[in-house]
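Letter by letter, the sequence shown follows residues 1 to 191 of UniProt numbering. No residue lacks a Cβ here, since even glycine has one placed at the ideal position from N, Cα and C.
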Amino acid sequence: MRLLRVGDRLSALRVRIEEKFTLPERFKGTVVEKWTNYWKGLLRDYGEVGAGVVKESYANPKKALAYGTGVLTLYLAARNNPDEAAFMTLLRKQTNRMVTLPPDQQNPDSANYLTMLERAVNQKKLRLLSLGICTLMWVDLYDEDDCTYPAVCEYTSVGLLNFHQRIIDVGCWNEFWRLKHKMRNYDINYL
Numbered sequence: 001m002r003l004l005r006v007g008d009r010l011s012a013l014r015v016r017i018e019e020k021f022t023l024p025e026r027f028k029g030t031v032v033e034k035w036t037n038y039w040k041g042l043l044r045d046y047g048e049v050g051a052g053v054v055k056e057s058y059a060n061p062k063k064a065l066a067y068g069t070g071v072l073t074l075y076l077a078a079r080n081n082p083d084e085a086a087f088m089t090l091l092r093k094q095t096n097r098m099v100t101l102p103p104d105q106q107n108p109d110s111a112n113y114l115t116m117l118e119r120a121v122n123q124k125k126l127r128l129l130s131l132g133i134c135t136l137m138w139v140d141l142y143d144e145d146d147c148t149y150p151a152v153c154e155y156t157s158v159g160l161l162n163f164h165q166r167i168i169d170v171g172c173w174n175e176f177w178r179l180k181h182k183m184r185n186y187d188i189n190y191l
């Protein structure tokens with residue numbers, strides 16, 4: 001229960017520091033005093049918030065545990081958010097696994113999905129949208145280097161209403177889940 005007195009300790013420390021460090025008379029009424037008061041107020045506010053969080057966590061430990069778990073989960077999801085290089089590495093790995101099988105032993109769904117992904121990569125239509133905690137891989141209508149009028153016109157691009165139809169994979173926790181699902185049974189024993 002010693003941690004409950006964190007707020008008292010912080011306020012006592014703040015008072016001692018303010019007593020020892022005073023601003024010289026030549027800075028009174030200048031920009032330096034305003035900046036000093038601003039930073040003092042900011043530190044005081046954040047100190048009070050920190051002490052309040054500690055007191056609230058002791059008052060409601062289940063709520064604090066739920067919030068802490070949620071924040072930690074979001075942090076780890078953002079830290080393990082895959083990028084385009086991870087997708088390309090995984091795609092090459094799965095393509096190499098598929099190439100080792102003769103065509104009559106390949107699962108048609110897996111083979112068609114890999115073919116579609118390879119075409120999108122070769123045509124430079126594969127796009128990545130990172131949302132912080134997950135990544136969306138989608139196929140655009142036009143090549144990224146295409147400068148023709150339909151490719152640069154805002155009315156012929158993929159809109160928000162039909163964007164969900166263009167999504168081909170979702171990545172989270174260093175995995176791209178649809179590619180992993182499609183390649184689960186990629187050989188003759190897929191039935």
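So, with DSSP's three-state summary, where would you put residue i?
i, result
"Phe163", "helix"
"Gly29", "coil"
"Trp35", "helix"
"Arg127", "strand"
"Leu23", "coil"
"Glu118", "helix"
"Glu175", "strand"
"Asp143", "coil"
"Asp8", "helix"
"Met183", "coil"
"Leu13", "helix"
"Val152", "helix"
"Val158", "coil"
"Thr95", "helix"
"Gln105", "helix"
"Gly41", "helix"
Given a threshold of 16 other Cβ atoms within 10 Å of its Cβ, counted over all protein chains shown, does residue i qualify as buried or as exposed?
i, result
"Ser157", "exposed"
"Gly171", "buried"
"Gln105", "exposed"
"Phe176", "buried"
"Val139", "buried"
"Ala51", "buried"
"Val82", "A quick correction: the sequence has Pro, not Val, at residue 82. It counts as buried."
"Asp169", "buried"
"Met98", "buried"
"Leu42", "exposed"
"Leu13", "exposed"
"Phe87", "buried"
Since residue i sits in a beta bridge, which residues does DSSP pair it with?
i, result
"Asp169", "Met137"
Give the C-beta separation of residue i and residue j to the nearest angstrom, bearing in mind that I take them to be a contact with Cβ-Cβ under 8 Å.
i, j, result
"Gln94", "Met183", "5 Å"
"Ala66", "Glu56", "That belief does not hold up - the Cβ atoms of Ala66 and Glu56 are roughly 13 Å apart, past 8 Å."
"Leu114", "Asp187", "Their Cβ separation, rounded to whole angstroms, is 13 Å, which puts Leu114 and Asp187 out of contact at 8 Å."
"Thr135", "Leu129", "7 Å"
For the region 43-93, which segments carrying the alpha helix (DSSP H) assignment without a break, of at least 4 residues, lie completely within its bounds, in sequence order? 61-79
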